[in-house]
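In what follows, a structure is listed as structure tokens, so that the remarks can point back to it.
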Amino acid sequence: MKSKVTIADVAKAAGVSNSAVSYALNGKDGVSEKTRSKVLAVADHLGWKPNSAAKALSDASTRTVGLVLTYATSVLSVESYTTELIAGLTSEFEKEGYSLLVRASSNREYELSVLREWIATGAVDAVLLMNIELGDPRIELFKSHPDMPVLLLCDEKLSEGLPSLSDNERSAAHLIVDYCHETGHRRIARVAGPEEMGHTFIRDNAFREEVMELDMRYTCLHSDYSPQAGARCTERLLALPDRPTAIVYDNDVMAVSAIRTAAALGIRVPDDLAIISWDDSFMCEMSTPSVTALNRDVVARGRRAARMLIELAEQHAVRPVIEDDNDLIFRESSAANVAMAA
């Protein structure tokens, strides 16, 4: 019979003291974040479990759901999607007496250490994961710890059997491409998010499918979602010999920054160039010109995610959900009088 892994075993394998392991596993001060991450990774690898007394305490409901936001500062500081999602989450949690614990992270390794800490200590009743990547290590972590409920904001095809909530990325991509085609565009481009993101992968494929079906010319550049990256990509696209007559941006801040970039190059929006944003926001509504955007009710999605997380926290099964209610809000940036070359 395999002997139980002890704190001493973890300490020996990690090359630290027993007290450092205790601090790290219980989420207490007294160790550096580097040491905490190392200890949690070693404990997870060895299969360490809390003793029965600690387990009894950790099994008590905290009525708290955890969310780690892993973004570069330049993106998180302007991310309207995340703000709206959190607004929906918290409004629903408050009704049911739950709270949302949010931790910020600038890299995936730190996020993993936080998630391991929550799993080890039972600090939260459930976890929400967003920005799922291709081959995401967080999925394997939660598959190896099935006692911790988790909900993934991603397409069911990417969740590997874990509960998921997503919109229909493929349908939305086809909607945008079809709109561009119907308004006379034959050369379009897209400034997408990071290639490793699962939703970027799905959108990339869906855009290619539809532009090929409609015999349109298509260029795609990837970015980190920041307005600076959006501006650089816009400059590259508008410098092409046969520049696109419409550009789709995977978030609102890049779309709005593109208006200024185009103006600096003497290109008028919408007269010479149509701009469309995947995310709608107050920024899209108030910019000059205002920006045509995909209408996704992110606050409502946050509320639905909260209800699913509560079900999971209370040990109820949930089915994967795909929301398919996308439509476009037509604004000034994509008026049909764009000067389109043949």
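Take the sequence shown: its letter number 204 is residue 217 in the working numbering, and every next letter is one higher.
C-beta: ideal position from N, C-alpha, C; glycine also.
Short of 6 Å in beta carbon distance, which residues of its chain neighbour residue i, apart from the five on each side in sequence? Order them along the chain.
| i | result |
| --- | --- |
| Glu223 | His187 and Val190 |
| Leu227 | His194 |
| Asp338 | none |
| Ser261 | The sequence given here has Val at residue 261, not Ser. Once the five neighbours on either side are set aside, the close Cβ partners of Val261 are Ile189, Arg203 and Ile289. |
| Glu336 | Asp180 |
| Ala242 | Ser236 |
| Ser270 | Pro240, Gly243 and Ala244 |
Can you give the Cα-Cα distance for residue i and residue j, rounded to whole angstroms?
| i | j | result |
| --- | --- | --- |
| Asp285 | Ile145 | 36 Å |
| Met229 | Ser347 | 18 Å |
| Ala66 | Ala27 | The pLDDT assigned to Ala66 is 44, lower than 50, so where the model puts this residue is not dependable; a value taken from the coordinates is nonetheless given after this. Going from the Cα of Ala66 to the Cα of Ala27 covers about 24 Å. |
| Ala259 | Arg183 | 19 Å |
| Val55 | Met267 | 40 Å |
| Ser239 | Val312 | 22 Å |
| Val52 | Leu325 | 28 Å |
| Leu341 | Tyr192 | 9 Å |
| Ser177 | Leu154 | 16 Å |
| Thr48 | Pro162 | 26 Å |
| Ala33 | Leu251 | 55 Å |
| Arg129 | Asp57 | 7 Å |
| Pro254 | Thr232 | 13 Å |
| Ile99 | Arg200 | 37 Å |
| Glu124 | Leu165 | 15 Å |
| Phe343 | Gly110 | 39 Å |
| Met296 | Ile280 | 21 Å |
| Arg5 | Glu97 | Only positions 14 to 355 of the chain appear in this structure, which leaves residue 5 out of reach. |
| Val81 | Val91 | 17 Å |
| Gly364 | Ala139 | The structure shown does not extend to residue 364, since the chain spans only 14 to 355, so no value can be given for it. |
| Thr83 | Leu89 | 8 Å |
| Arg245 | His198 | 23 Å |
| Glu46 | Phe220 | 41 Å |
| Thr95 | Arg309 | 13 Å |
| Ser126 | Asn39 | 13 Å |
| Glu345 | Pro257 | 18 Å |
Near residue i, what residues of its chain come up, given a Cβ to Cβ distance below 8 Å and the 5 sequence neighbours on each side ignored?
| i | result |
| --- | --- |
| Thr213 | Ala205, Gly206, Pro207, His235 and Asp263 |
| Ala85 | Ser119, Asp237 and Ser239 |
| Ala69 | Because Ala69 sits at a pLDDT of 45, beneath the cut-off of 50, its placement in the model cannot be relied upon, and the point is left open. |
| Ala276 | Val282 |
On the DSSP bridge list, what partners appear for residue i?
| i | result |
| --- | --- |
| Asp180 | Glu336 |
| Gly79 | Leu114 and Val140 |
| Ala205 | His235 |
Excluding five sequence neighbours on each side, which residues of the same chain lie with their C-beta closer than 7 Å to the C-beta of residue i?
| i | result |
| --- | --- |
| Val137 | Thr75, Thr77, Val78, Gly79, Leu114 and Trp131 |
| Ala185 | Leu307 and Asn339 |
| Trp61 | Val18 and Val23 |
| Gly211 | Ile145, Glu146, Leu147, Cys167, Asp168 and Leu171 |
| His158 | Ile132 |
| Val44 | Ala33, Tyr36 and Ala37 |
In terms of residue numbering, what span does the alpha helix (DSSP H) encompassing residue i cover?
| i | result |
| --- | --- |
| Gly211 | Gly211 to Glu226 |
| Ile260 | Here Ile260 belongs to no alpha helix (DSSP H); instead the beta strand (DSSP E) covers Ala259 to Tyr262. |
| Leu250 | Pro240 to Leu251 |
| Ala277 | Asp265 to Ala277 |
| Asp22 | Ile20 to Ala27 |
| Arg317 | Val311 to Ala326 |
| Ala100 | Ser93 to Lys108 |
| Ile444 | Residue 444 is absent from the structure shown; the chain starts at 14 and stops at 355. |
The beta strand (DSSP E) that contains residue i, what's its start and end?
| i | result |
| --- | --- |
| Tyr231 | Arg230 to His235 |
| Leu53 | Not the beta strand (DSSP E): Leu53 falls in the alpha helix (DSSP H), residues Glu46 to Leu59. |
| Ser290 | Ala287 to Ser290 |
| Thr305 | Thr305 to Asn308 |
| Val163 | Val163 to Leu166 |
Q: Could you tell me whether the region 294–306 touches the region 323–330, where touching means 3 or more Cβ pairs closer than 8 Å?
A: no
Q: Say whether the region 101–108 touches the region 306–322, bearing in mind that this needs 3 or more beta-carbon pairs closer than 8 Å, one atom from each stretch.
A: yes
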